[in-house]
Amino acid sequence: RPKEAEEPESEEDEEGKTRFGAGRGEHATYDAGDEDDAALAAQAQRQAAEREGLAEEEEGGEETGPGADEESRGATASADAEAEEGWAAAPSPAVPRSAASASGAARRTSASASSRVELEGGVWVDAATSSCGLALHLALDCPKLLLQEVAERVAAAAVLRGTPGVSRCYVLEAARGAAACVQTDGINLRAAAASADLVDVDGLAANSPYAMLETYGVEAARATIVREAASVFGAYGIGVDPRHLALIADYMTHLGGYRACNRLGISASTSPFLKVTFETAASFLVSSTLHGDVDRLTSPASRIVLGQPVAMGTGAMDLVQHLDAAR
-12 RPKEAEEPES EEDEEGKTRF GAGRGEHATY DAGDEDDAAL AAQAQRQAAE REGLAEEEEG
48 GEETGPGADE ESRGATASAD AEAEEGWAAA PSPAVPRSAA SASGAARRTS ASASSRVELE
108 GGVWVDAATS SCGLALHLAL DCPKLLLQEV AERVAAAAVL RGTPGVSRCY VLEAARGAAA
168 CVQTDGINLR AAAASADLVD VDGLAANSPY AMLETYGVEA ARATIVREAA SVFGAYGIGV
228 DPRHLALIAD YMTHLGGYRA CNRLGISAST SPFLKVTFET AASFLVSSTL HGDVDRLTSP
288 ASRIVLGQPV AMGTGAMDLV QHLDAAR
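Numbering (this note's numbering), first residue to last: -12 to 314.
The following block contains the structure:
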């Protein structure tokens, strides 16, 4: 192609060629460094010598060199100053840094050893540092274990401090103007009463009538039955007259104990027909026949079974007409 048709070179290309051409004539040299290089090399040598000196001092327990002289002179000067100011305590002799650090480490080790308690199975607990440890012995052919997952699972199951009978505790959000409330999985009213400085004993409540009966008596159990029955109906928006619930609670606690309102609790009744109308009719009927039980027909259920009016309301009286007076 003619030279005139060639594309003109840009300024950047010309500048690059000029730099490349200038650099081709330079040669690499390995002469001695300048003053900065010499200063850096001298500083590195001094640091290496200081590290070697500290290592020798830790091994031999003695420190030599200008650093020790300066520290000893500083310690002597401070001791003289304290003596001039009238300190009562005698100045301590100069202690090298390595010896002081070694003595401090020894004190920490001895204190840790004194507070460390060895348990069975290679487990130790250190109360001073709030730490613990254990030794694991694994076989050579043992598969790979994720110890972090194992440790997290064990830590979640470990109990540092707890109350017998209580497995979990929840803090409920307090209503406006009310104190915070704690709900537990499990009941231990005696342990809660023993912590009267932390728990409002007068505000304790449980959903177990039997636990309230054992701790506070039959009246507390009766109130618990009424409250829990009302809460069950209230959750579904059903309003029940408290007198009906109180009647059920009275029936369950009128003997001074806690009697269940089911077939197990009704089995103590003396009316065979009343027991038959509830549950397991065949079982109650056979048991009453074998024992020769007698039903006095005093309960409404037994009278209804035999087709007689209930002895309450208009059926609670007998109406007798005088035939002679009618004539």
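Note that the Cβ used here is the ideal one computed from N, Cα and C, for glycine as well.
DSSP places residue 105 in the uninterrupted beta strand (DSSP E) bounded by 103 to 105.
Contact between the stretch 173 to 183 and the stretch 146 to 161 is established, with three or more Cβ pairs separated by less than 8 Å.
Straight across, the Cα-Cα distance linking residue 198 with residue 147 is about 26 Å. Here residue 202 carries a helix assignment [DSSP, helix/strand/coil]. If the five residues before and after residue 102 are omitted, its C-beta is found closer than 7 Å to the C-beta atoms of 113, 114 and 115, all from its own chain and listed in chain order. The shortest CA-to-CA distance from residue 237 to any of 228, 258 and 212 is the one to 212.
Between residue 250 and residue 265, the C-beta spacing is below 9 Å. If only uninterrupted alpha helix (DSSP H) runs of at least 4 residues are considered, those enclosed by the stretch 110 to 183 are 134 to 144 and 176 to 181. Taking 3 residues as the shortest admissible run, the stretch 229 to 288 contains no complete beta strand (DSSP E) segment at all. Relative to the Cα of residue 170, the nearest Cα in the group 193, 185 and 180 belongs to 193. Counting only residues of its own chain and dropping the five nearest sequence neighbours on each side, residue 286 has a CB closer than 6 Å to the CB of 258 and 261. By the CB criterion at 9 Å, residue 180 and residue 191 fall inside the cutoff. Of the residues assessed, residue 220 falls on the exposed side of the cut-off, its CB having fewer than 16 other CB atoms within 10 angstroms. The straight-line gap separating the alpha-carbon atoms of residue 276 and residue 189 is approximately 51 Å.
Residue 248 and residue 222 have their C-alpha atoms roughly 21 Å apart.
Taking a contact as a CB-CB distance under 8 Å, the pair residue 234 and residue 216 does not count as one, their CB atoms being some 11 Å apart. Burial check for residue 196: the Cβ neighbour count within 10 Å reaches 16 or more, so the residue is buried.
Between residue 168 and residue 161, the beta carbon gap of about 6 Å places them in contact (Cβ cut-off 8 Å). DSSP, read as helix, strand or coil, puts residue 293 in coil.
In this structure, residue 125 sits near residue 132, with a CB-CB distance shorter than 9 Å.
Taking 9 Å as the cut-off, the Cβ atoms of residue 306 and residue 293 do not count as close.
Spanning the alpha carbons of residue 267 and residue 205 requires a straight line of approximately 29 Å.
With contacts defined by Cβ atoms closer than 9 Å, residue 252 and residue 239 form a contacting pair.
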